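Protein chains in written order, with UniProt numbering: chain A, 1 to 498; chain B, 1 to 498.
Okay, structure coming up:
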């Protein structure tokens, strides 16, 4: 056991903001350094506005060499660095460190190369997700991962968070659509991870890097895998008068060997919240609806839609509607993709959770969340990637009430800990960041957290990159005081446990 | 830069074999410890018989607790440990360390749990790959990765090597079909990596572990993802009178948005070698044949086969034949899967390489290999996972001629280094092991190798697990004297290089 103590992660920050800015101005043009509070303020949080902090300085480098110089300078001064894309993250991962530098990558926004024959694009980290698909559309290609924030979020941020989206059930997460990453460590080492081949020799450091939430290095270039646009896509909207039936339908679709392009569930609270806003044509009387997409060649889609409909009927769908046109299909998705803003219309504030559970536990967990609504006296709409078992409960509260804020946080923690209990995880695609760092103590054992910290130090021995996030120290876990409840659903009773 | 010196990897092995065996007998029953040379000899090599070494002792534990005790004992005595499944690996990864203990996992061969509804199986590491598919067949399921050695190789070995197979183009490598791994570090820590959900919080240590070739820990339990058996599968055999046309057909199939269940190429040398042996019905007059499989629902297969045929015709296939029955389909594959034994029939020895290249470079690399046949004066048959760009050139030689052995090794090294030059990798699915450790110096920069070593130490600070394999020390690279030629095909001319 290589126990990590908090001492090992402590640093003496011996420099003040003025000194840091002076050093940064030696390596960057003046317009790339923001040091006045009013200029830095817009960077104080990401999409999770619960956590805010103004950094000592914001730097906006324009070249890879400048990024390297910033990292080497911060390393020398022993100053924390937090990288940031568009700041659309939902777990506080890009929240600045008050004694650190915020490294914005927005200016590195060039698509450097498109190779349509090989179906790859080489892009800088600040390129927006949707901009990639727009640029490669003339070649009949697109970039598959489509987080709801895709109009704004950047590829660098997607890499940091291993972002998903409504189509990741079939097309995978970011890790499945990234071939190579070029990045710089805090020591200024330029490292390329991955390759154009399907597998790389040696331990797979690309997979460790994608989703490492800015803890290991700063991305300077990403080689993306592009996907041919399908000839046709159609969405089935299936209504159910019982959430458990809808959940069972999800498992049955997968058990039938069908991998839908998307398979999303929304409960009645969610459809009734969204419909007046988007007018997507949702069945607002159903206890839950599923949106199930088939894409591919024309004949394939006809065949797959028929098979999907048969499953839904067998499981007891009360109503089935198949999109008749591309505009209707997009409208069905528009309702789903606008669920968060719709929540913002009906509640002063909402708190979006991101637990993942085995699909078989969907019904059980949804019923438990309903019971929690009474327990915490707060409403919760459920909108989620059902095919992945990735829940996005939207807890509605009013941040003007300190009591409601506390109840919302407790409600969220209770959902996440239930996810772990049924064999799931505390985050599907939004990352741990600041938000779920306590739940990491529940998800992982002391020995497992040790391994994360060991890998962290292999890349960042001084723990300067995005410190105090993602992986909790043992002291923090002791303080949080909740037990590790690993591996709920699988009985390992015949093995010793430590 | 955190330069790793060779000193950091050195150990003082201060104990002799007798002392090691004495200590092992304190924690294991006598029948689980082999210490006589004649008993250990069968473990001296794996499938790559070029490298042999007899260990100080072989242990064959029967429980997880015994594995943990072995590891803790070896850690205390500072003795290297090499884990072994069935010993079918092709890169010397399971070759014992002469001053170490060989840890055989064959006795942990129980399938502990099958959950057909969730499509998962929980197995011990010594379970054979094919035994999983056999056990779950009654539920209409199978385990997708199918290395050619699947009748003998174990799941633990598959995890160590991230094994593939002819169907991994569509169904993924081992990493894509493993949900969780339970493993023990050299310090006796029991660690579970991954989860039943599609993604896990924190850096993805499961992906780093799968394919780490026994360097990070010893697997004691694996949770596998099972796949529903398709209703139908058919194979097209397409003939081409030019290897470049066949290579282009591979790219065109993928560019058409088709993901075949398998897409394999064999050149004329290979078909002429295999046909007399297997009588698979191959077109032995063609310069190359492709085997292209479609699987799925009956209507889907009909549609996809038609689309595949259209692509092949457009690219200039001289002959197309579609399997008419399941037995003919299996016969088409039998030829491919028996290519290695067929090579053994026509040549005293053969050396199977495993480079991976971008699909677009297939034609260029195959032509270069043909030129190398003249240069090294040795024959080479090409049989490979074309869809993945994963080459398996079979270099034929006679090990009774020292000169032929040297030429075969140089031929192999030249192929691998060409793979790196065109942007590929030195290994696709067979691992680095002993065999390709020098080529790692060509594939990766000093800073990149440093990161591998850092991750290694995060799990195994004393570098006792499978030492001196996979990741070369800097001293070894200096001695090998070949340059790192990273990222051949992509022009990064506008970025500084280090």
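Cβ atoms here follow ideal geometry from the backbone N, Cα and C, with glycine treated the same way.
Just so you know, these numbers come straight off a predicted model, no measurement behind them.
Using three-state DSSP, classify residue i as helix, strand or coil.
i: residue 515 of chain B; result: The shown model of chain B, from 1 to 498, leaves out residue 515 of chain B, and the question about it has no answer.
i: residue 17 of chain A; result: helix
i: residue 204 of chain B; result: coil
i: residue 239 of chain A; result: strand
i: residue 376 of chain B; result: helix
i: residue 427 of chain B; result: coil
i: residue 284 of chain A; result: coil
i: residue 32 of chain A; result: helix
i: residue 166 of chain A; result: coil
i: residue 294 of chain A; result: strand
i: residue 328 of chain B; result: helix
i: residue 356 of chain A; result: strand
i: residue 150 of chain B; result: coil
In chain order, what residues of the same chain lie with their CB nearer than 7 Å to the CB of residue i, ignoring the 5 residues before and after it?
i: residue 446 of chain B; result: 474
i: residue 140 of chain B; result: 228, 229
i: residue 389 of chain B; result: 356, 357, 358, 359, 362, 424
Are residue i and residue j closer than 7 Å when you measure CB to CB?
i: residue 395 of chain B; j: residue 380 of chain B; result: yes
i: residue 273 of chain B; j: residue 288 of chain B; result: no
i: residue 59 of chain A; j: residue 81 of chain A; result: no
i: residue 360 of chain A; j: residue 250 of chain A; result: no
i: residue 387 of chain A; j: residue 169 of chain A; result: yes
i: residue 201 of chain A; j: residue 212 of chain B; result: no
i: residue 105 of chain A; j: residue 156 of chain A; result: yes
i: residue 465 of chain B; j: residue 120 of chain B; result: no
i: residue 223 of chain B; j: residue 180 of chain B; result: yes
i: residue 437 of chain B; j: residue 353 of chain B; result: no
i: residue 429 of chain A; j: residue 164 of chain A; result: yes
Considering only residues of the same chain and omitting the five flanking positions on each side of residue i, which have a CB-CB separation below 8 Å?
i: residue 337 of chain B; result: 148, 166
i: residue 21 of chain A; result: 33, 35, 56, 57
i: residue 478 of chain B; result: none
In chain order, what residues of the same chain have a beta carbon less than 6 Å from the beta carbon of residue i, not counting five sequence neighbours either side?
i: residue 347 of chain B; result: 396
i: residue 235 of chain A; result: 291, 293, 323, 329, 332
i: residue 241 of chain A; result: 287, 318
i: residue 62 of chain A; result: 107
i: residue 112 of chain B; result: 122
i: residue 262 of chain B; result: 166, 167, 293
i: residue 268 of chain B; result: 287
i: residue 133 of chain A; result: 142, 143
Which residues in chain B have a C-beta closer than 7 Å to the C-beta of residue i? List them in chain order.
i: residue 207 of chain A; result: 204, 207, 208
i: residue 451 of chain A; result: 191, 205, 458, 459
i: residue 38 of chain A; result: By Cβ distance, chain B contributes nothing, its closest Cβ being about 34 Å from residue 38 of chain A, past 7 Å.
List, in chain order, every chain A residue whose beta-carbon is nearer than 8 Å to that of residue i.
i: residue 499 of chain B; result: Residue 499 of chain B cannot be examined here, being either before or after the span of chain B that is shown, 1 to 498.
For residue i, return the contacting residues in chain B, with the cut-off set at a CB-CB distance below 9 Å.
i: residue 423 of chain A; result: 195, 196, 197
Which bits of chain A does residue i rub up against, with CB to CB less than 9 Å?
i: residue 66 of chain B; result: Ordered by position in chain A, no residue passes the 9 Å Cβ test against residue 66 of chain B, which lies about 11 Å from the chain.
i: residue 214 of chain B; result: The contacting residues do not exist; residue 214 of chain B stays about 11 Å from chain A at best.
i: residue 443 of chain B; result: 195, 200, 201, 202
i: residue 69 of chain B; result: Per Cβ cutoff of 9 Å: no residues; residue 69 of chain B is ~11 Å from chain A at best.
i: residue 46 of chain B; result: Simply none; closest approach about 17 Å.
Give a single yes or no on whether residue i has its beta carbon closer than 6 Å to a heavy atom of the ligand ADP.
i: residue 48 of chain A; result: The model depicted lacks the ligand ADP and carries no ligand whatsoever.
Q | Residues in the stretch 426 to 441 of chain A having any Cβ partner in chain B nearer than 9 Å | A | 426, 427, 428, 429, 431, 432, 436, 439, 440
Q) Quick one, which residues of the stretch 149 to 174 of chain B are near chain A if we go by CB-CB under 7 Å, in chain order? A) 162, 173
Q) Name the residues in the stretch 78 to 92 of chain A whose C-beta lies less than 7 Å from a C-beta of chain B; which are they? A) none
**Q.** Against chain A: residues of the stretch 453 to 477 of chain B by CB proximity under 9 Å
**A.** 453, 454, 455, 456, 457, 458, 459, 461, 470, 471
Q. Along the stretch 352 to 384 of chain B, what residues have a CB closer than 7 Å to any CB found in chain A?
A. 356, 357, 358, 360
Q | Residues from the stretch 303 to 314 of chain B in contact with chain A, defined by Cβ distance under 8 Å | A | 303, 304, 307
Q. Got a sec: which bits of the stretch 316 to 337 of chain A sit with their beta carbon under 8 Å from any beta carbon on chain B, in order along the chain?
A. none
Q.
Residues of the stretch 100 to 113 of chain A in Cβ contact with chain B at a cutoff of 9 Å, in chain order, please.
A. 112, 113
Q.
Beta carbons nearer than 9 Å to chain B: which residues of the stretch 179 to 196 of chain A have them?
A. 180, 182, 185, 187, 188, 189, 190, 191, 192, 193, 195, 196
Q.
Residues of the stretch 252 to 273 of chain B in Cβ contact with chain A at a cutoff of 8 Å, in chain order, please.
A. 254, 255, 256, 257
Q) What residues from the stretch 406 to 417 of chain B come within 7 Å of chain A, judged by C-beta to C-beta, listed N to C? A) none
Q) Of all the residues that make up the stretch 277 to 300 of chain B, which are near chain A by a beta-carbon distance shorter than 7 Å? A) 297, 299, 300
Q: Taking a Cβ distance cut-off of 8 Å, strictly less, list which residues of the stretch 118 to 129 of chain B are near chain A, in chain order.
A: 118, 119, 122
Q. Between the stretch 223 to 253 of chain B and chain A, which residues of the former have a C-beta closer than 9 Å to a C-beta of the latter?
A. 223, 227, 228, 229, 230, 231, 251
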